[in-house]
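Chains as they are written, first to last, in our numbering: chain D, 1 to 344; chain F, 1001 to 1253; chain S, 2001 to 2702. All residues carry an ideal CB built from backbone N, CA and C; glycine is no exception. These figures come from a predicted structure and were not determined experimentally. Comments concern the structure below.
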Amino acid sequence: MNTLRALLALACLALMLVADGDARAQTQVRPYRIYAITFRGMTDVERGFQEYFAARRIPVQIIFRDLNRDASRMPGFLDEIRATKPDLVYTWGTSVTLGVVGTYDSYDPSKHITDIPVVFTLVAAPVLAKIVPDLKASRRNVTGVFHVAPTEAQIRAMASYRPFKSIGILYTPTEQNSVVVVDEVREVSKRLGFAVIAKPLKLDSAKRVTAEGAPEMIRELKEQKVDWLYLPPDSYLGTQAKNVIIPAAMEHRLPTFASTEQLMETGALTGLVSRYHSIGQFTAYKAEQILVHKVAPSKIPVETLTRFSLQVRMDVAEALKLPPPLPMFNYAELITKPQVGAAQ
Amino acid sequence: MGTIRVRFILVALVVSFFAVGMAAFLNYFKYKSTIGNIVKSRVLVVGRGIENSVQASLQLGMQFSELSQLPQLMQREKSSDRLVRGIDVFDYSGQVIYSTDRARVGQKVPATWTLAAERSKTTEWATEATDEYVAGISVKNAFDLTVGFLALRYSRDEVEQAAAAAGRKILLAALASFIGIAIVAPLALIVVIRRFERDLRTLEAAASHLEDRAQPPPSTGSAFDTAIGHLRESLRDANKSLDDLRAKLDTAG
Amino acid sequence: MLEKNYLWRIYWRLAGVIMVCVVVALAVVSYFSHRVFERELVPETEQKAATVAASVRALMLKATGYGVPFDKLYGVEQTFGEVFEENPEFSYAAVTDLDGQLLFARGKEPDGVREYFRRPAVVAVGLDPTATWTATRVGAQYFITMPIASDKPLGMLHIGIDGKFVDNVLLEVMLDVVVVLVVSLFFTLELLNFMAGARLASGLGEFAQQVERMRSGDFTATARIRANDEIGRLLRRIDAAIDHLNVRYEFLVGELEDKMRAAAGPRREALKPAMGALEVMRSRLRFGSAPKDAEGDEMNLNRIRAPLFAFILAEEMTRSYLPTYVNQLLVAIPGFSPQIVIGLPIMLFMLIVALGQPYLGSWSERVGRRRAMLIGASIATVGFAATALAINLYDLLLWRSLCALGYAMVFVAAQGYVLDRTGHDNRAQGFALFIGAIMVATVCGPSIGGILADNIGFRLSFAVSAVMALASLLAIARLPKVEVRTTTSPRPSRGPRMREIMALMVNKRFMTLTGLAAVPAKVILTGVCFYLVPLYIVSIGNTSAMAGRMLMVYAVMMVLIVPLSASLSDASMRRDRYVSVGLIISGLSGLLLLISDSFLVLFGVVFLLGLGQALSIAAQSALVAEHCQEEIRIYGHDAVYGVYRLFERLGNALGPLIASVLVIFWGYQGAFIAISALVLVCGIAFTIATRGLDWQPQPVTQ
């Protein structure tokens, strides 16, 4: 089904590239050339990106290059960009983006791309990663899309599933990303009036984070009468969720809320995530602003979606005897089969 | 007597005609808009159902132009409510992509439709075609970009027949109460007018006796007593002066 | 004046009787409408409830399809809550199982509903999956019941429609009906004055004048033709008495003169006392025939009221919806924010009126008041009709300019008409009549206009205004063709000269009054009432009719308070204090929106604004004369007042501009608050500037 759809989309694209009668295409005889670098092969993001142009009948020619998690390939890509001079560069994820544009306070014009507009996508925290100094205006030849739903939106989604008085959080104290989110949750709790019990994961003798003791922490949280276990966007937690965290939570009948699609895939009850396809479309929208409407990237705000996908794992809901509230059946994405990845 | 009376009664009739007319007008239009809104919101409930399913598909990453099960759903929803004449889905350029009426696919909807959608502050909008009403919903994607529109066309007759029937009844009630007022108001007014006319008559009577040398007529209690008093006094004063002159003339022989 | 009060008492009594009749008639119409509404709306609402119920049922079936047990559904009440929010006429919703036992419910439970759920007929609906829905009346509610069934029957869904929802629908109509009632009252008084009163008033006025003349010893006979009505006959009686006196006088004088001619010596001496008496009498009393003067103007003066009222009404009707209409026709003008563009037609209107008035004054004098009014009303009629047909903003601006030009012409010419026909003694009275017509139009216009706009649309409402202007045209045509100039009317008015404007602009005393009081008062009037209120009301989802009601509150405040404050400020307190208090109250009005943004608060805003403006408005212009004696001595009365009025009217034009700019930065609420704060600051500054100054008229020293 998916391959069929992808094929269809490609066919559309091809058709459109060959014979497009649209007025915009006539003024722009030459298709826009986009150089795209992915981190781990093609994902739904790229599909959404291409389909947006197809739907808007904007002729584009996209050259895809895959880093395949190997940073050593980056210099070759950069040389190719300089040689081919595309109209726009598309970068997937934090490491690819940093490889192409560097940080705003220490980039190297001889190495990084500065003269060609860059649109990044799927960067969790663009300011924290120093890609842009400010979300409102990048002040560089760069703009893009991030994909983590605002913390408050997540908290509200949690409350709309089941109201709560207190939530528990497990996080990695060495991951800045995670620490920031925990602080944000505390901030929101003051406004909305609920308690937050956050427990950092333990560090071993080599000062490396370890999942040891996590199940006990979850038991303690349950004893402290938290209503939810919130899983922040935390890389280490992500690696441990499926085998350690989620089973422990299930054992103590504690509902879990995932902040990213990756965590959602490990078996959390529910979560507010960005669909990769929508992120791709939104990235294409930003590219359209630059290519078609000639807006300077420095003036285009770095944003995320306004509407996220609320995913619910129905088998988990059934196991916890916590069915989603009726109105949610109207808008939530209900996952019935265990361990079905939403994104490729 | 009478000219003033007629004028006052005329005023009463004009004002009550205005008031009763306005009340009938207000009630009629309120009825029309209320029934229009009830019908529209009913149609929109159907529309919301379709929109939910479109949204679910969009969230799964399907393109707006490849919602293959949508026409069936639209057909089903259309047949569930006899009021709905047709359902169209069109894109941002106004081109119909899906319709319960196959011939409409590929055609452009009137510009007024997209205009009405743009003008609306919410995702719901409404407009009128020549023989039908249109209620619509703007379909927005995950970053608030309008990707297309859902339009439900429904019969004008339903609303208009109901409004016409109610209008006739309201008009009858208004006419009846206007006739009622046309009968009652003059009678009621005459009570006030008679008092006024009595005042004027008193005044006239007093004026006709202005030159009497006799004692002034007893106070009538009308608002004009003082004025009459003044008149009499002035006249008496003038007559006295003339009498005085007469007397002096007479004494002079 | 006794007669005037007497007449008003009669009017009020008549108006009272008419009002009682109207109220009864309105009650009858409302009662029948209520029955019609109930009979026709309930089935439609049931139909809608069935559609809503079907969509809720679909959602529940979706949930059970995912394996959630029917009786373990969560958040059903929440779904019902959302349904109530969107459909306020639904007041109760419930799900029962197949036995009629309540599973989920929300809303106020009507009496006897549990028995209803268990009725065999109702339970049968649940067991029959092919059943569509049934409607029943339970207590005060209409109930829709629908079976819920997947592959097997699950239960029943019930939605209760509040039986009182028709009342709620009609409550909104009642508000408009009250407006109609208020407007009817003003119409009644206006019509009494127009149809019967003008003649009565002039008759009684003449009677009073006659009494006064006789008291002062004037017994000259007026060769006036008396109308053949009650008062005419009365006047003829008095005329007869005067004629008799005159005949006697003539006879006596003739006799005396004869005797004087015939007599000589001692006889003449004997006639001396009689001669003396005649001399004394002649010094005290006057006989003979009165000089023919241009009287009967009282009557003419009153006749201006109706056409002026009709004309001003045409313009006032558009107040409550014009900005919303412009909003609808909006085309983007590059470089301008839409907010400013919406204010543009109002600004242009006010600007044309402000700049046109001084010049139109002398023009109307040249061509004649009646003709000037005819031309003005014709131009405005064309303007209104074309506005109704406007294609976009650009031509709308042109049409509105025509309306403005016509408005200015009619206004100025009518003012001139009053000036021409009044002397020093009755000028104030003449202007009271002039202002009265305008005031009543401002009460009736916006509210009726708003109601019309809501119901028949903006364009047709403008067409109604055009018809109104046309009607005024016909009324103007019936005015006397003869132009009158009394000797006491002021010399030809002229536009203020640049030199005077410049000189007064740097004059501290003049600018304290103009800049801190007059202009801010006008800015808040046009900015808030003509621009912000109509737009804000519609932006919060209310109607133009509501905007009209708001403006009516303002106008009613003016009608009630202005006469009061005018007489009080003359009698009790210093005028500048009235201006201060008025400005500060106006300034505080908008700050109410800091509390809440509901439209009830907005009523408070408009109420306070009306109160503040009414308190200061009468005192303000009188203050110019008191305050700027020195300037009046130098530049002349007309010049100072001319510049003052010009600035005031420029303030009118400035109001929408300032308001629209504020809206861009701070939104509607912010704009209300900011503009009020501005006026508050001006009010405080004015108070400080005038504190301790002696306003008593001072002798002018060299």
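Q. Taking the C-alpha atoms as reference points, what is the distance between S/T2136 and S/R2114?
A. Approximately 14 Å, taken between the alpha carbons.
Q) If you follow the alpha helix (DSSP H) that S/G2683 is part of, which residue opens it and which one closes it? A) Start and end: H2637 to T2690.
**Q.** Limits of the unbroken beta strand (DSSP E) element including S/A2135
**A.** Following the DSSP letters along the chain, one finds S/A2135 inside the beta strand (DSSP E) bounded by residues T2134 to V2138.
Q | Residue-chain proximity (S/G2683, chain D), Cβ-Cβ < 8 Å | A | With 8 Å as the cut-off, S/G2683 does not count as an interface residue toward chain D.
Q. For D/L203, which beta-bridge partners are listed by DSSP?
A. DSSP links D/L203 through a beta bridge to D/V209.
Q: Take D/L310 and list the residues in its own chain whose beta-carbon comes closer than 6 Å to its own, dropping the five residues that flank it on each side.
A: Here D/L310 has A157, L272 and A332 as same chain residues with Cβ atoms under 6 Å from its own Cβ, once five neighbours each way along the sequence are excluded.
Q) Does D/P163 come within less than 8 Å of chain S when only Cβ atoms are used? A) Closer than 8 Å: no.
Q: Taking C-beta pairs closer than 7 Å, name the residues in chain S that F/R1246 reaches, listed in chain order.
A: Near F/R1246 (Cβ distances below 7 Å), the residues of chain S are L2252.
Q: Check the Cβ of S/L2059 against every Cβ in chain D and list those closer than 9 Å, keeping chain order.
A: Chain D residues near S/L2059: L326, P327, F329 and N330.
Q) Looking only at DSSP bridge pairs, what is D/Q61 linked to? A) In the DSSP output, where bridge partners are listed per residue, D/Q61 has D/R33.
Q: Measure the C-alpha to C-alpha separation of D/R47 and D/G41 and round it to an integer number of angstroms.
A: In a straight line, the C-alpha of D/R47 is about 12 Å away from that of D/G41.
Q. Going by DSSP, what residues sit across from D/W92 in a beta bridge?
A. D/W92 pairs with D/T121.
Q | Cβ-Cβ distance between F/K1030 and S/V2173 below 8 Å | A | In contact: F/K1030 and S/V2173 (Cβ atoms closer than 8 Å).
**Q.** For S/Y2531 and S/G2651, the rounded distance between their alpha carbons
**A.** Answer to the nearest angstrom: the Cα atoms are 14 Å apart.
(Q) Suppose only complete runs of 4+ residues qualify. What are the alpha helix (DSSP H) ranges in the segment 2580-2631 of chain S, listed by chain order? (A) DSSP assignment within the segment 2580-2631 of chain S yields the following whole alpha helix (DSSP H) runs of 4 residues or more, N-terminal first: 2599-2627.
(Q) Could you tell me the alpha carbon to alpha carbon distance between S/A2063 and D/A258, rounded to whole angstroms? (A) Between S/A2063 and D/A258, the C-alpha separation is close to 22 Å.
Q) When the cut-off is 8 Å and only beta carbons count, does D/F282 lie next to chain F? A) Closer than 8 Å to some Cβ of chain F, the Cβ of D/F282 qualifies, so yes.
Q: Return the chain-ordered list of same chain residues with a C-beta closer than 6 Å to the C-beta of S/A2619, the five sequence neighbours on each side being excluded.
A: Counting only Cβ-Cβ distances below 6 Å, and skipping sequence neighbours, we find S2569, R2575, Y2578 and V2579.
(Q) Tell me which residues share the same chain as S/Y2011 and place their Cβ nearer than 8 Å to its Cβ, disregarding the 5 neighbours each side in the sequence. (A) The residues L2189, L2192, N2193 and G2197, in chain order, have a CB closer than 8 Å to that of S/Y2011 in the same chain once the five nearest residues on each side in sequence are set aside.
Q | Spatial distance of S/P2334 from S/I2148 (CA atoms) | A | Those two C-alpha atoms are separated by around 57 Å.
Q) Which runs of the beta strand (DSSP E) fall wholly inside the segment 2319-2350 of chain S and span at least 3 residues, in chain order? A) None, since the segment 2319-2350 of chain S contains no complete beta strand (DSSP E) of that length.
Q: Could I get the ranges of all uninterrupted beta strand (DSSP E) runs contained in the segment 1006-1032 of chain F, with 3 residues as the minimum, in chain order?
A: List check, beta strand (DSSP E) in window: nothing returned.
Q: Let me know the secondary structure DSSP gives D/T143 once reduced to three states.
A: Here D/T143 sits in strand by DSSP.
Q: Using three-state DSSP, classify F/A1185 as helix, strand or coil.
A: Helix, per DSSP.
Q.
If contact is defined by three or more beta carbon pairs under 8 Å, each pair taking one atom from either stretch, is the segment 1039-1046 of chain F in contact with the segment 1076-1096 of chain F?
A. When C-beta atoms of the segment 1076-1096 of chain F are compared with those of the segment 1039-1046 of chain F, three or more pairs fall below 8 Å, so the two segments count as touching.
Q. Going by DSSP, which residues form a beta bridge with F/Q1063?
A. Paired residue(s): none; F/Q1063 is not in a bridge.
Q. Is the closest heavy atom of the ligand ATP to the C-beta of F/R1232 under 7 Å?
A. Ligands are entirely absent from the displayed structure, and the ligand ATP is therefore not among its contents.
Q: Report the rounded CA-to-CA distance for S/L2646 versus F/F1018, giving the unit in angstroms.
A: Straight-line Cα distance between these residues: approximately 38 Å.
Q) Taking the alpha-carbon positions, what's the S/S2320 to S/L2593 distance? A) Between S/S2320 and S/L2593, the C-alpha separation is close to 20 Å.
Q) Can you list, in chain order, the stretches of the alpha helix (DSSP H) that have 4 or more residues and sit fully within the segment 238-316 of chain D? A) Listed in chain order, the complete alpha helix (DSSP H) runs (minimum 4 residues) inside the segment 238-316 of chain D are 246-251, 261-265 and 276-291.
Q | C-alpha distance - D/T172 paired with D/I245, whole-angstrom precision | A | Between the alpha carbons of D/T172 and D/I245 lies a distance of about 13 Å.
Q: Report yes or no: is there a C-beta of chain D within less than 8 Å of the C-beta of S/E2631?
A: Closer than 8 Å: no.
Q. Hey, out of S/T2045, S/N2392, S/L2608 and S/L2396, whose CA is closest to S/F2384's CA?
A. For S/F2384, the nearest C-alpha among the options comes from S/L2396.
Q) Which value, in whole angstroms, describes the spacing of the CA atoms of D/T103 and D/A137? A) Taking the straight line from one Cα to the other gives about 15 Å.
Q. What are the start and end residues of the beta strand (DSSP E) that includes D/L221?
A. Per DSSP, D/L221 lies in no beta strand (DSSP E); the unbroken alpha helix (DSSP H) holding it starts and ends at A214 to E223.
Q: Assign D/T38 to one of three DSSP states: helix, strand, or coil.
A: Strand, per DSSP.
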